[in-house]
Amino acid sequence: MENFESAIVNYIQSTKFEKLSKEVIDSVQDRILDSIGVAIAAFDDDAPISVRKYALAKQKANGSTIWGTDIMTDSETAAFANGTSVRYLDYNDTYLSLEPLHPSDMIPGLVALAQENNILEKNWY
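Numbering (our numbering), first residue to last: 38 to 162.
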């Protein structure tokens, strides 16, 4: 019997970009652009600035980008920095859905992992 984690991995690995509906792609684009927009709005605030300073000490060639900069770092630090920028102004205060978290909670980490592993193959924008 397949465990939960294996089932998720198998589902993700069997999902092909070409088979995604336009509605799904549009929805993903909306959420990514919303996250990037909120991160840009928070760029000059104290918490995002502090985390970018931390990221400067952890630079890594061919890693993941700290959005809005030329800083490359490991995916964990990029997810932390970009996630801080996203969450700094976007508090989930009006997000009502079936799942307990807002999609923007995962986007910085997923983008950082995809970038660090060279799997940003499709033009999502």
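Note that beta-carbon positions come from the ideal geometry of N, C-alpha and C, so glycine has one too.
Quick caveat: nothing in here was measured; it's all calculated off a predicted structure.
Count the other CB atoms within 10 Å of the CB of residue i; is the residue buried (16 or more) or exposed (fewer)?
i: Tyr162; result: Confidence at Tyr162 is low in this model, with a pLDDT of 45, below 50, so its placement is unreliable and the value that follows should be read with caution. Exposed, by the Cβ-count rule.
i: Ile86; result: exposed
i: Ser122; result: buried
i: Val61; result: exposed
Out of curiosity, what's the CA-to-CA distance linking residue i and residue j?
i: Gly74; j: Leu126; result: 10 Å
i: Thr52; j: Val88; result: 34 Å
i: Glu153; j: Ser101; result: 5 Å
i: Val65; j: Asn47; result: 21 Å
Starting from residue i, follow the alpha helix (DSSP H) in both directions and report where the run begins and ends.
i: Ala74; result: Note on identity: in this sequence residue 74 is Gly, with Ala being the wrong assignment. Taken as a continuous stretch (DSSP letters only), the alpha helix (DSSP H) holding Gly74 covers Lys59 to Ala78.
i: Pro85; result: Asp83 to Leu93
i: Gly105; result: Careful: Gly105 lies outside any alpha helix (DSSP H) and carries neither H nor E.
i: Ile144; result: Ile144 to Glu153
i: Ile156; result: Careful: Ile156 lies outside any alpha helix (DSSP H) and carries neither H nor E.
i: Glu42; result: Phe41 to Ser51
How far does the beta strand (DSSP E) with residue i in it reach, from first residue to last?
i: Gly100; result: Gln96 to Thr102
Exercise. Taking one C-beta from the stretch 41-48 and one from the stretch 106-115 each time, how about it: are there three or more such pairs within less than 8 Å?
Worked result: Not touching, per the Cβ criterion.
Exercise. Counting Cβ pairs closer than 8 Å, one from the stretch 92-110 and one from the stretch 57-77, do we hit at least three?
Worked result: yes
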